[in-house]
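For reference, the structure is listed below as C-alpha cells.
In full-length UniProt numbering, the protein residues as written are 1 to 174.
Here it is in C-alpha cells:
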C-alpha cells in the first residue's frame, strides 16, 4: 500500500475564484505546490481525491492554491478541512545533509558528551536556516539552529541526532 505524507491542511477558501488557504507542513512548498503537481486530498468520510495544482502564491502565513477543474468558491468549499498529502513515490531524492521533516521528527538528540537532550518536537523555517525545537523532560524546550557548527550528525539508520551546543545556547536558569 502506498504511504502518504502530509503537505498541508486546507483551512478555508479565499475569494470567489476557487483559491484555498493552506497551512503548509511541507519542507518544499515551491516543489509541492508548483503548477501541475499532484496532491491527494484526504477528508474523513470522503474517498481520497487527487488534485492537480494550477496556481500557487503566498499570502500572509498561508499558501494559496487553485486546482484544475475547481474554478470557483462553490467547487472548493467541500475541500475545506481536508489534508493535502503527497505519495511517498513522489518524493524527490535529497542532497546530502538534507532530510524530510518526517524523517527527523521525534528523533532523540544527544549533546557532544552523549547526554540525551530530548526529542525533536517541531521545525521552524526562518528563511536563513531551520530551527529545531527539542522537547526536554522537565525543562523549557531548546531551540537549536540547523547549521553545520551545531548539528554534527543526523543518523537516520540509528535514529539519532548528535549536536554540539555552543556556550550560552542552553539557559536552564529560567
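All C-beta atoms, glycine included, are put in the ideal place defined by N, C-alpha and C.
Keep in mind that this is a model prediction, so the values were computed, not measured.
Could you say which of 61, 85, 139 and 109 lies nearest to residue 175 if we only look at CA atoms? Here the chain covers residues 1 to 174 and nothing more, so residue 175 does not appear.
Taking residue 5 as the reference, which of 25, 78 and 50 has the closest Cα? Comparing Cα-Cα distances from residue 5 to each of 25, 78 and 50, the minimum goes to 25.
Once DSSP output is grouped into helix, strand and coil, what is the label at residue 104? helix
If we ignore side chains and look at the alpha-carbon of each, how far apart do residue 54 and residue 12 end up? Distance between the alpha carbons of residue 54 and residue 12: 18 Å.
Whose C-alpha, out of 153, 72, 34 and 22, is nearest the C-alpha of residue 15? 72
Measure the alpha-carbon distance for residue 113 versus residue 120 and round it to whole angstroms. 18 Å
Residue 29 - containing alpha helix (DSSP H), residue span: Its alpha helix (DSSP H) spans residues 29–32.
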